[in-house]
Amino acid sequence: MAYPVMLGSFATTILNVTDSVFLGRIGEVELGASALGGILYFVFAMIGVSIGTGTQILIARRTGERNDAGVGPIFDHSFLLLAGISILLFLILFVGAPVFLPYMVRNPKILAAAIAFLEYRSFGIFFIMVAAVYRSFYVGIAQPKVYGTYSFLMAGLNLLLNYTLIFGHWGFPEMGIAGSGLASSISEAVALFYLVFYTSGKRSLNIYQLFKFKSIQSSVFRSTLELSIPLIVQNLLSMGAWFIFFIFIEKIGQHELAISNMVRGAYMVSMTPIWGFAIAANSMVSNVIGQDRREEVMVLLNRIILLAFGTAAVMVAINLLFPVQLLGAFTQNQQLIEDARPSLMVVNVSMFFFAFAMVCISAVSGTGATRTALYIEIAAILLYMVYNYLVTFVFSGTVEAVWMSEIIYWVFTGLASYQFLRSSRWKAIQL
Numbered sequence: 066m067a068y069p070v071m072l073g074s075f076a077t078t079i080l081n082v083t084d085s086v087f088l089g090r091i092g093e094v095e096l097g098a099s100a101l102g103g104i105l106y107f108v109f110a111m112i113g114v115s116i117g118t119g120t121q122i123l124i125a126r127r128t129g130e131r132n133d134a135g136v137g138p139i140f141d142h143s144f145l146l147l148a149g150i151s152i153l154l155f156l157i158l159f160v161g162a163p164v165f166l167p168y169m170v171r172n173p174k175i176l177a178a179a180i181a182f183l184e185y186r187s188f189g190i191f192f193i194m195v196a197a198v199y200r201s202f203y204v205g206i207a208q209p210k211v212y213g214t215y216s217f218l219m220a221g222l223n224l225l226l227n228y229t230l231i232f233g234h235w236g237f238p239e240m241g242i243a244g245s246g247l248a249s250s251i252s253e254a255v256a257l258f259y260l261v262f263y264t265s266g267k268r269s270l271n272i273y274q275l276f277k278f279k280s281i282q283s284s285v286f287r288s289t290l291e292l293s294i295p296l297i298v299q300n301l302l303s304m305g306a307w308f309i310f311f312i313f314i315e316k317i318g319q320h321e322l323a324i325s326n327m328v329r330g331a332y333m334v335s336m337t338p339i340w341g342f343a344i345a346a347n348s349m350v351s352n353v354i355g356q357d358r359r360e361e362v363m364v365l366l367n368r369i370i371l372l373a374f375g376t377a378a379v380m381v382a383i384n385l386l387f388p389v390q391l392l393g394a395f396t397q398n399q400q401l402i403e404d405a406r407p408s409l410m411v412v413n414v415s416m417f418f419f420a421f422a423m424v425c426i427s428a429v430s431g432t433g434a435t436r437t438a439l440y441i442e443i444a445a446i447l448l449y450m451v452y453n454y455l456v457t458f459v460f461s462g463t464v465e466a467v468w469m470s471e472i473i474y475w476v477f478t479g480l481a482s483y484q485f486l487r488s489s490r491w492k493a494i495q496l
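Using the working numbering, read the sequence shown as starting at 66 and increasing by one per residue.
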């Protein structure tokens with residue numbers, strides 16, 4: 066199950082990294098601004114991902130219980146919820162970002178470029194929020210190949226549109242960083258239409274009773290939100306902390322921000338296979354519990370951790386063998402490439418801790434203990450932010466020293482999550 070999800074996650078990462086690859090050809094300002102704009106967008110997009118994860122846990126649990134008809138109401142209510150929330154989030158991004166970003170970004174050129182990017186990128190929030198419901202459905206019923214197709218369609222179209230809209234090829238206007246934001250939003254829209262048409266035309270899915278909307282059931286909203294709200298807070302804190310991480314680096318300098326966006330791109334590519342294992346762990350743990358096979362959870366978890374470790378080792382080996390080629394995908398500036406290599410080495414070390422931690426905390430959520438996952442996240446972020454503040458503003462550390470916060474964050478998250486799963490306190494949770 067992990068491999069289709071992994072491929073889908075890889076395609077999604079390609080969409081995110083494509084922006085940096087093309088914008089790095091323009092200059093440091095655009096490279097740095099795309100990091101700030103892109104992460105800010107995903108801070109809000111994580112609300113949809115979080116509700117989708119809560120939905121996925123419930124769908125996987127009903128599937129494990131052989132209650133296929135119980136899937137439809139969960140899907141329908143999540144669809145309504147995310148469609149409504151997307152309108153509010155669009156307004157915050159489109160109207161609010163130009164208001165509050167000037168208080169956070171010091172460099173006027175980076176600020177202007179980030180706002181230009183978000184002006185078009187913000188429209189994508191409608192499509193990515195609704196797509197989160199479909200992803201949760203297909204992963205929850207153990208048919209993740211559809212999600213993989215969706216992701217590759219989105220990534221391929223984004224690659225093509227970035228090339229045409231950023232540089233103005235094939236009769237399209239030369240839009241620069243704004244074109245990158247528009248390309249991503251169009252790609253998300255087209256890929257969502259694929260999911261809608263595929264799902265509506267697949268008769269074998271009728272057993273799940275999707276889009277019946279017999280009545281609005283407050284109990285379904287409540288059960289979804291009880292699982293999802295801790296995940297929303299958890300992911301907002303996590304992505305928000307990463308956004309602040311880049312704000313801190315922007316205070317160090319434009320050059321350091323450009324370096325960090327390159328490293329971020331390489332890091333995301335390396336992380337992508339692990340996301341597949343994490344999503345699979347979340348769904349499979351919930352499914353196994355739904356089958357009343359709780360005693361098998363730790364065995365399943367340890368197997369997934371070993372697979373994640375092996376995959377992390379492969380990704381790190383690639384980074385070690387081809388660091389110049391990897392970083393060179395983001396820029397032709399040799400000084401930037403050379404200066405980014407120490408931070409890339411830090412990321413390589415962090416990868417092993419990330420693999421362990423991401424699988425474990427996803428499994429914690431899969432048991433239904435989303436509040437526990439939130440508490441672990443809060444504690445980890447406090448450590449993360451204190452370290453980053455001290456290194457950036459008190460000790461005036463190097464950019465690679467700031468990146469070492471990733472190791473601290475994942476070590477704590479992994480150990481705390483694994484200890485909770487070993488304690489068996491999750492076995493009494495009912496969904």
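Cβ coordinates follow ideal geometry from the N, Cα and C atoms, glycine included. No experiment lies behind these values; they were computed from the predicted model shown.
Using DSSP with H/G/I as helix, E/B as strand and the rest coil, what is P238?
Of the three classes helix, strand and coil, the one that applies to P238 here is coil, per DSSP.
Where does P209 fall in DSSP's three states?
Correct three-state label for P209: coil.
What is the DSSP secondary structure of L222, counted as helix, strand or coil?
For L222, the three-state secondary structure derived from DSSP is helix.
Quick one, which of E184, F202, L218 has its alpha-carbon nearest S245's?
Minimum Cα distance to S245 is reached at E184.
Taking 8 Å as the cut-off, decide whether the C-beta atoms of I139 and L123 are in contact.
With respect to L123, I139 sits close: the two C-beta atoms are nearer than 8 Å.
According to the Cβ coordinates, are I157 and L101 closer than 8 Å?
8 Å or more divides the Cβ of I157 from the Cβ of L101.
Do the stretch 280-293 and the stretch 129-145 meet, that is, are 3 or more Cβ pairs less than 8 Å apart?
Here the stretch 280-293 lies against the stretch 129-145, with 3 or more beta-carbon pairs under 8 Å apart.
I'd like to know whether the C-beta atoms of P209 and A438 end up nearer to each other than 8 Å.
In this structure, P209 sits away from A438, with a CB-CB distance that is not shorter than 8 Å.
Please work out which residues of its chain come closer than 6 Å, Cβ to Cβ, to M194, disregarding the five sequence neighbours upstream and downstream, and give them in chain order.
A distance below 6 Å between beta-carbons, with the five flanking residues on each side excluded, links M194 to the following residues of its chain, in chain order: G113, L147, S151.
Jot down the residue ranges of each uninterrupted alpha helix (DSSP H) in the stretch 398-484, minimum 4 residues, whole runs only, in chain order.
Taking only runs of at least 4 residues, the alpha helix (DSSP H) segments lying wholly in the stretch 398-484 are 399-431, 435-454, 464-468.
Are there 16 or more other CB atoms within 10 angstroms of the CB of V164, so buried, or fewer, so exposed?
Exposed, by the Cβ-count rule.
Using a 10 Å radius around the Cβ and a threshold of 16 neighbouring Cβ atoms, would you call A338 buried or exposed?
The sequence as given places Pro at residue 338; Ala does not occur at that position. P338 should be labelled buried.
What separation, rounded to the nearest whole angstrom, lies between the Cα atoms of V328 and V412?
Straight-line spacing of the CA atoms in V328 and V412 works out to 8 Å.
Could you compute how far the alpha carbon of I426 sits from the alpha carbon of G236?
Going from the Cα of I426 to the Cα of G236 covers about 48 Å.
What are the boundary residues of the alpha helix (DSSP H) that S115 is part of?
According to the DSSP assignment, S115 belongs to the alpha helix (DSSP H) that extends over 93-129.
Can you find the residues in the same chain that come closer than 6 Å, C-beta to C-beta, to Y332, ignoring five residues on each side of it along the sequence?
So the qualifying residues of the chain are V412.
Might you give, ordered along the chain, the residues of its own chain that have their beta carbon closer than 6 Å to the beta carbon of A67, omitting 5 neighbours on each side?
Any answer about A67 is weak, because its pLDDT of 47 lies below 50 and its placement is not dependable; what the coordinates show is given next. Around A67: G341, F342, A345.
Per DSSP, what kind of secondary structure is Q274 in: helix, strand or coil?
Of the three classes helix, strand and coil, the one that applies to Q274 here is coil, per DSSP.
Got a sec? Which residues, its chain only, sit under 6 Å from S283 by beta carbon, not counting five neighbours each side?
Take S283, set aside five residues on each side of it, and no residue of its chain has a beta-carbon closer than 6 Å to its own.
Neighbour-count burial assignment, F276, 16 or more Cβ in a 10 Å radius
Exposed.
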